[in-house]
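Asks: Here the UniProt record's numbering is used: position 200 in the sequence shown is 200, and no number is missing along the way. Note that beta-carbon positions come from the ideal geometry of N, C-alpha and C, so glycine has one too.
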Amino acid sequence: MRKIVFSSLNIDRTYHLDRFVRPGETVAVHSYSDSCGGKGFNLAMAMAKAGEKIFFAGAVGPDGQEFEKIFSEYEVDASYLRHSEKMCGHAVIQVDASGQNCIMVVEGANGDISHQYIDEVLGHFEKEDVLILQNEIGHIDYLIESAHKRGMKVAFNPSPMNDRITKCDLSHVDYLFINEGEGEALSGQKGAEGILKELHSRWSNQTIILTLGERGAVCMANDGRKEVCGIWKTRAVDTTAAGDTFAGYFLAEYLRGKGIKKALETAAVASGIAVSRSGAAQSIPGRKEVHSADFSKITEYKE
1 MRKIVFSSLN IDRTYHLDRF VRPGETVAVH SYSDSCGGKG FNLAMAMAKA GEKIFFAGAV
61 GPDGQEFEKI FSEYEVDASY LRHSEKMCGH AVIQVDASGQ NCIMVVEGAN GDISHQYIDE
121 VLGHFEKEDV LILQNEIGHI DYLIESAHKR GMKVAFNPSP MNDRITKCDL SHVDYLFINE
181 GEGEALSGQK GAEGILKELH SRWSNQTIIL TLGERGAVCM ANDGRKEVCG IWKTRAVDTT
241 AAGDTFAGYF LAEYLRGKGI KKALETAAVA SGIAVSRSGA AQSIPGRKEV HSADFSKITE
301 YKE
């Protein structure tokens with residue numbers, strides 16, 4: 001079973017300040033940094049740091065040499081990268097004093113993906129291989145359908161939510177990663193129970209992983225079994241990579257056959273460590289650090 005992340009590469013431009021900027025306001029920032037990010041990059045790095053062999057496909061601009069350097073360092077196979085004449089996508093990230101963030105994304109080279117390129121890449125993969133997607137690139141509907149026709153498994157996080165989702169046949173997604181807001185938008189229901197019940201009734205073949213912020217996470221398997229997990233308690237410094245770290249570690253553990261409960265717990269610890277540090281991909285811990293952490297610090301799941 002091979003695993004390929006087909007997704008975005010963004011240069012993260014991060015601004016730390018006391019609180020988010022309001023309309024008409026100019027504020028001074030405490031610190032500023034540039035780093036490699038993008039939801040796809042962060043998730044690929046989480047899986048690589050969790051010990052998985054990962055392939056990556058996406059578009060990188062002439063300003064993206066650092067991405068390729070990091071991929072090489074962590075042994076992510078980036079041989080399918082497309083080199084675009086457009087500059088890399090970038091994200092403008094505000095981080096407030098509590099570690100919460102708000103993010104604006106510029107598509108850049110991430111938009112330079114075609115059906116032909118998708119066919120070229122997926123032509124190297126086969127039945128039971130896993131395609132991992134987020135919604136920061138175009139042609140997501142075509143990617144899902146192409147993978148399904150090849151018998152590949154599809155893991156999908158529909159963030160950021162937009163009209164592209166309505167074109168996707170989500171019945172062809174095997175692992176759906178959503179937060180509460182995304183779950184409400186997809187299901188039209190409020191609360192974890194309502195979201196899971198509605199989505200499972202639509203796509204009963206799907207394993208749904210629903211993250212609920214400080215309350216924890218819940219997973220409903222395709223056979224209707226449900227497992228829950230709290231969070232790994234820590235002081236939040238920067239939550240930018242929380243969701244991508246969680247998804248990456250969950251997939252790494254679950255696809256190794258560790259079971260849903262163990263995958264949720266490991267993902268909770270990894271995500272908790274990540275939010276205790278500044279930055280996105282650079283905040284993601286390695287497998288050894290995660291597995292040597294105190295799992296008893298995981299709180300009880302809150303309905």
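Identify whether residue 218 lies in helix, strand or coil by the three-state DSSP scheme.
Replies: Reduced to three states, the DSSP call for residue 218 is strand.
Asks: Starting from the C-beta of residue 68, find all residues in its chain whose C-beta is less than 8 Å away, skip the five residues before and the five after it, and write them out in chain order.
Replies: The answer, listed in chain order, is 60, 78 and 81.
Asks: Just mark residue 172 as buried or exposed, buried being the case when its beta carbon has 16 or more other beta carbons within 10 Å.
Replies: Buried: at least 16 other Cβ atoms inside 10 Å.
Asks: Quick one: using the 10 Å Cβ neighbour count with 16 as the cut-off for buried, is residue 49 buried or exposed?
Replies: It is buried - the Cβ of residue 49 has at least 16 other Cβ atoms within 10 Å.
Asks: Quick check on DSSP: helix, strand or coil for residue 74?
Replies: In this structure, residue 74 counts as coil in the three-state DSSP scheme.
Asks: Residues bridged to residue 232 by DSSP?
Replies: Paired residue(s): 298.
Asks: So the beta strand (DSSP E) residue 3 belongs to, where does it begin and stop?
Replies: Here the beta strand (DSSP E) through residue 3 covers 3-6.
Asks: Since residue 242 contacts residue 281 with CB under 8 Å, what's their CB separation in whole angstroms?
Replies: Not quite, the Cβ-Cβ distance comes to about 12 Å (not below 8 Å), so this is no contact.
Asks: Note down the Cα distance separating residue 89 from residue 106, rounded to an integer number of angstroms.
Replies: Spanning the two alpha carbons is a distance of roughly 5 Å.
Asks: If we count Cβ pairs, one from each stretch, closer than 8 Å, do we get three or more for the stretch 185-205 versus the stretch 230-238?
Replies: As far as the Cβ criterion goes, the stretch 185-205 does not touch the stretch 230-238, which means the pair count is below three.
Asks: Just to confirm the assignment: which complete alpha helix (DSSP H) runs, minimum length 4, are found wholly within the stretch 107-163?
Replies: 115-122 and 140-149, all fully within the stretch 107-163.
Asks: What are the uninterrupted segments assigned as beta strand (DSSP E) that are 3 or more residues long and contained completely in the stretch 24-99, given in chain order?
Replies: 31-37, 54-57 and 89-95, all fully within the stretch 24-99.
Asks: Could you tell me whether the Cβ atoms of residue 180 and residue 212 are closer together than 8 Å?
Replies: Going by C-beta atoms, residue 180 is nearer than 8 Å to residue 212.
Asks: Which residue wins for smallest C-alpha separation from residue 114, given the options 103, 137, 238 and 130?
Replies: Closest option to residue 114, Cα to Cα, is 137.
Asks: Would you tell me roughly how many angstroms separate the C-alpha atoms of residue 152 and residue 210, rounded to the nearest one?
Replies: Between residue 152 and residue 210, the C-alpha separation is close to 22 Å.
Asks: Just list the residues that DSSP pairs residue 105 with in beta bridges.
Replies: Paired residue(s): 91.
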